[in-house]
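The structure appears below as structure tokens.
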Amino acid sequence: MGEAVIVSTARTAIGTARKGTLADLSAVDLAVVAVGGLLERAGVPSEYIDDLQMGESLQGGGDLARFTAVELGLLNVPGVALQRHCASGMAAVQGAAGSVMAGMDKVVIAAGTESISTTPG
1 MGEAVIVSTA RTAIGTARKG TLADLSAVDL AVVAVGGLLE RAGVPSEYID
51 DLQMGESLQG GGDLARFTAV ELGLLNVPGV ALQRHCASGM AAVQGAAGSV
101 MAGMDKVVIA AGTESISTTP G
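Final position of the sequence shown in the numbering used here is 121; the numbers increase by one with none missing.
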């Protein structure tokens, strides 16, 4: 079995729910900022990226990982959204590492995103 390594990390600022400077940003908007920063920092050519696994817990409405990939111009990256409540981001890391270790993929982005400000209720 192969080895998985973390090449780079990135995150957005932390905001206050339903008010503040991030309140109008969707989960995809926030993911694009973080994943875009990660890609810039890591220096990995986009054609090397095999998948984007993204944890989310309250958004629904489609595959946020694929939406993020498309927004970043990663049109050949399929993307999968994972839903495991508070452990969703870690589930993405676990899935990405497993995929690399099993030899199914070489480069996988693992991410988590949420925007409490734009969820119902």
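Glycine included, every Cβ here is placed at the ideal spot set by N, Cα and C.
Everything numeric in this text was worked out from a predicted model, so none of it was measured.
Under the three-pair Cβ rule at 8 angstroms, the region 97–106 does not count as touching the region 79–87. For the pair Ala-110 and Ala-96, the Cα-to-Cα distance works out to about 6 angstroms. For Ser-57, same chain residues with a beta-carbon under 8 angstroms away, outside a window of 5 residues either side, are Gln-83, Arg-84, His-85, Cys-86, Ser-88 and Glu-114 in chain order.
Note: Ile-109 is bridge-paired with Leu-52 in the DSSP secondary-structure output. For Leu-38, the secondary structure class from DSSP, reduced to helix, strand or coil, is helix.
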